[in-house]
Amino acid sequence: MENIIEVRDLQKEFSRRRKTVRAVQGISLNVKQGEIFGFLGPNGAGKTTTMRMLTTLLPIGRGDALVAGFSVKRQPRKVRRRIGYVSQLGGSDLPATGRENLILAGRLYGISRNDAEKKADELIELFDLGELQERKVKTYSGGQKRRLEIALAMIHRPEILFLDEPTTGLDLQNRTHLWDQIRKLKRLGTTVFLTTHYLEEADELADHLSIMDHGKMIAEGTPGSLKRQIQADIIIIKPQDYQADRSQLAESLSGSDTINHAKVNGDSIYLYVENGTQTLPRIFTWLEKRHISLESVSLSQPSLDDVFLKYTGRSLRDTGREQIQ
Ligand SMILES: Nc1ncnc2c1ncn2[C@@H]1O[C@H](COP(=O)(O)OP(=O)(O)OP(=O)(O)O)[C@@H](O)[C@H]1O
Ligand SMILES: [Mg+2]
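Numbering (the working numbering), first residue to last: -4 to 320.
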């Protein structure tokens, strides 16, 4: 399959009050035509900055990208005509109805009134907005508004749709509904580039994933191949009333020949093993000998969060939570 996006050594720095933030530090990636490409990373990783450069909204610092065959740096107008973008904050005209918004967006792209109406009806059908089309957008729920925003970004039939955290703030039901809509767009041939910090979303939707942290790419591949890189089952133990140093305990445990490696994460210790069910009884015996009792224990197959933990030493869930508070 052909690459529809090629990013080469993309960089961006922001300077504010004599402090420089290196938001994007040399990113390279390829997106294949027709795929859903997931861009995963915690708050402040540089996802929005990268996306704003690719969509011509922010001048590129260094490097360049080809989007739909055109250089973002030298041919931004050609790029703009071929892409749709829904920002993290969204942007629909609240006092107008959904249908009015769609027609207006079409007219802004130079589509004739007749064609804009036709296209609006098509999108209303595709995004399940029939019952809402004559209602003012300010009365829409969060999920409904998000659906309209995506429909608005599709009005000029873009080849590539950029979605910046499309499901943030939505409940699970709205989120899964939106996932269905995004899959529908893919079936119709649209390439979708989306950012998220929901691991489930990346796992569920993305054909290919890049994981970003602190302005750099730390891993990339299909969700399956990334998880296979962990090559292990994971036993998570949480010692009860444990006063001693957990990293020392992790170190002693990783000395055992059945444990590939051990990592402390919060109150728990993650043990990466070849075969969880065989290793578990041995770990119990080992702990019992040392009079260490457990508050909880679990055995799991690798998840994308484990991939993140492996590459950064932190859990994506924890980093997200810390910074939102
Ligand atoms: N206009 C700006 N001026 C100064 N710093 C900025 C600007 N825009 C972004 N940054 C900084 O660049 C870094 C990356 O921000 P960015 O918005 O790209 O992260 P993100 O991965 O989209 O995070 P989130 O998941 O919270 O949306 C952050 O440290 C941010 O504070
Ligand atoms: Mg962002």
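Beta carbons are placed, not taken as given, at the ideal position from N, Cα and C, and that holds for glycine.
Every value quoted in this text rests on a predicted model; they were computed, and no experiment measured them.
Does the distance from the CB of Ile31 to the CB of Ala148 come in under 8 Å?
-> no
Just the residues with CB closer than 6 Å to a heavy atom of ligand 1, in chain order, which are they?
-> Phe9, Arg11, Val16, Ala18, Gly36, Asn38, Gly39, Ala40, Gly41, Lys42, Thr43, Thr44, Gln83, His192
Specify whether the segment 17 to 30 and the segment 189 to 203 touch according to this definition: at least 3 beta carbon pairs, one from each stretch, less than 8 Å apart.
-> yes
Could you work out which residue in Lys42, Phe9, Thr190 is closest to Ile22 when comparing CA atoms only?
-> Lys42
Mind listing, in chain order, the continuous alpha helix (DSSP H) runs of no fewer than 4 residues lying wholly within the segment 208 to 238?
-> 218 to 223
May I ask you to report which of helix, strand or coil DSSP gives Asp4?
-> strand
Could you give the C-beta distance for Ile155 and Ile0, rounded to a whole number, given that I count them as a contact under 8 Å?
-> 7 Å
Count the other C-beta atoms from every protein chain shown that fall within 10 angstroms of the C-beta of Pro90, then say buried if there are 16 or more, exposed otherwise.
-> exposed
Every unbroken beta strand (DSSP E) inside the segment 141 to 167 [3 residues or more] = 155 to 159
Element boundaries [alpha helix (DSSP H), containing Ile119] | 108 to 121
Give the DSSP-derived three-state secondary structure of Gln320 in the structure shown.
-> Residue placement at Gln320 cannot be trusted, given a pLDDT of 28 that sits under 50; the coordinates are not used to answer.
Leu180 versus Leu294: straight-line alpha-carbon distance, rounded | 37 Å
Span separating the alpha-carbon of Pro153 from that of Thr272 = 50 Å
Is Gln296 buried or exposed, if buried means 16 or more other CB atoms sit within 10 Å of its CB?
-> exposed
From the DSSP output, in three-state form, read off Asp262 for me.
-> coil
Given a threshold of 16 other Cβ atoms within 10 Å of its Cβ, counted over all protein chains shown, does Thr45 qualify as buried or as exposed?
-> buried
Near Thr51, what residues of its chain come up, given a Cβ to Cβ distance below 7 Å and the 5 sequence neighbours on each side ignored?
-> Val67, Pro71, Val74, Arg75
Would you list the residues sitting across from Ser293 in a DSSP beta bridge?
-> Ile231
Would the beta-carbon of Leu159 be found less than 7 Å away from any heavy atom of ligand 2?
-> Before going on, a small fix: residue 159 reads as Asp here, not Leu. Checking every heavy atom of ligand 2 against the Cβ of Asp159, one is found closer than 7 Å.
How many Å lie between Glu246 and Ile254 at the Cα?
-> 11 Å
Does the Cβ of Pro37 have 16 or more other Cβ atoms within 10 Å, making it buried, or fewer, making it exposed?
-> buried
How would you write the range of the beta strand (DSSP E) that Asp252 sits in, first residue to last?
-> Unbroken run through Asp252: none, as it is neither H nor E.
In whole angstroms, what separates the C-alpha of Glu195 from that of Gln83?
-> 19 Å
Three-state secondary structure (DSSP) at Asn96?
-> helix
What do you reckon, is the C-beta of Thr92 under 7 Å from a heavy atom of ligand 2?
-> no
Limits of the unbroken beta strand (DSSP E) element including Leu35 = 31 to 35
In its own chain, which residues sit with a C-beta less than 8 Å from the C-beta of Gly250, not counting the 5 before and 5 after it?
-> none
Please find out if some non-hydrogen atom of ligand 2 comes closer than 7 Å to the beta-carbon of Thr162.
-> no
Among Ser310, Ile98, Arg57, the one whose alpha carbon lies nearest that of Ala111 = Ile98
Identity of the residues DSSP links to Leu61 by a beta bridge | Glu1, Ser66
Compute every distance between the C-beta of Thr190 and the non-hydrogen atoms of ligand 2, then say whether any falls below 7 Å.
-> yes
When the Cα of Ser291 is compared with those of Ser298, Met212, Asp262, which residue comes out closest?
-> Asp262
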